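Trainee: Heads up: the sequence shown begins at 1 in UniProt numbering, then just goes up one per residue. Don't be surprised by glycine CBs; every beta carbon is placed ideally from N, CA and C. Keep in mind it's a predicted model, so treat the numbers as computed, not measured.
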Amino acid sequence: MIEPISPQRVQELLKKCGAYLEGHFELRSGKHSGQYVEKFRLLERPEIAGELCSAMADAFRDRNVERVAGPALGGVVIAYEVARSLNVPCAFAERVGDKLEFRRGFAFQPGERVLVVEDIVTTGGSARQVVEAVREAGADPIGAAVLVNRSGKPLELGTEAIALLEMNIATYDPADCPLCRDNVALIAPGSKGIKGK
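(1) Between VAL146 and GLU118, what straight-line distance do the alpha-carbon atoms span, to the nearest angstrom?
(2) Use the C-beta contact count for ILE120: other C-beta atoms within 10 angstroms, 16 or more gives buried, fewer gives exposed.
(3) Alpha carbon to alpha carbon, what distance is there between ARG28 and ILE194?
(4) Could you tell me the boundaries of the alpha helix (DSSP H) in which GLU51 lies?
(5) Pick helix, strand or coil for ILE78, following the three-state DSSP scheme.
(6) In whole angstroms, what is the alpha-carbon distance linking VAL10 and LYS16?
(7) Just verifying my parser: in three-state terms, what is the DSSP assignment at ARG181?
(8) For residue 200, is the classification buried or exposed, using 16 other Cβ atoms within 10 angstroms of its Cβ as the cut-off for buried?
(9) Examine the Cβ distances between the region 126-138 and the region 66-76 and report whether three or more of them are shorter than 8 Å.
(10) Who are the near neighbours of LEU52 in its chain, counting only those whose CB is closer than 8 Å to its CB and skipping five residues on each side?
(11) Using 8 Å for Cβ pairs, my map puts ALA59 next to ILE162. What's the rounded Cβ distance?
(12) Take the Cβ of ARG153 as the centre, count every other Cβ of all protein chains shown within 10 Å, and call the residue buried at 16 or more, exposed below.
(13) Tell me whether the beta-carbon of PRO189 lies closer than 8 Å to the beta-carbon of HIS32.
(14) For VAL184, would you say it is in contact with chain C, using Cβ-to-Cβ distances shorter than 8 Å as the test?
(15) Under 7 Å Cβ to Cβ from GLU101, same chain only, skipping five residues before and after it: list those, please.
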């Protein structure tokens with residue numbers, strides 16, 4: 001049996017590559033937080049991303065996974081690395097309007113056993129949409145593997161789900177954010193750029 005990676009090792013790797021940040025962040029969900037996991041600091045380090053993605057694959061290695069799927073953009077690399085570790089094809093879902101869909105010719109066999117992967121979960125919305133897109137494509141989402149669940153709540157993604165690291169990071173509605181009240185500069189990571197507050 002493969003020994004699962006410890007949460008302490010996951011935290012150590014996130015800190016080592018500079019992916020764990022503290023400050024005042026606007027999340028994709030619109031909520032604010034004093035802590036952030038910047039997946040792209042992780043993804044620029046193949047040796048660290050590879051170790052974590054192999055650990056995600058190991059959690060489902062005995063489940064006869066036939067394909068791995070994840071959301072574009074950050075989930076593409078994660079899906080590829082997990083699929084490589086399992087020696088199966090991968091696919092990614094892209095945003096079309098308010099939902100995620102498989103495009104670019106990705107086709108699933110009826111009942112194909114698909115592992116859904118995601119990098120960082122705050123609300124779980126993207127991962128749930130990938131699970132639903134897999135079902136709509138006629139395949140079977142047999143599980144979901146997440147690098148970090150930062151919600152502080154059990155994962156509810158529409159299929160069995162595991163996270164390599166569970167973090168209870170407080171999030172705030174902007175109107176109730178203590179960091180906004182203290183005039184801490186707001187950073188909107190990722191494609192949103194940086195905003196001052």
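Mentor: A quick look at the data gives this:
(1) 5 Å
(2) buried
(3) Low confidence applies here, because ILE194 scores a pLDDT of 46, under 50, leaving its location unreliable and the question unanswered by this model.
(4) 46-58
(5) helix
(6) 10 Å
(7) helix
(8) Beyond the ends of the chain as shown, which are 1 and 197, falls residue 200; an answer cannot be given.
(9) yes
(10) ILE5, VAL10, LEU13, LEU42, LEU147, LEU164
(11) 5 Å
(12) Here residue 153 turns out to be Lys, not Arg, going by the sequence shown. With fewer than 16 Cβ atoms within 10 Å of its Cβ, LYS153 is classed as exposed.
(13) no
(14) Included in the structure is just one protein chain, with no chain C present.
(15) ALA93, GLU94, ALA133
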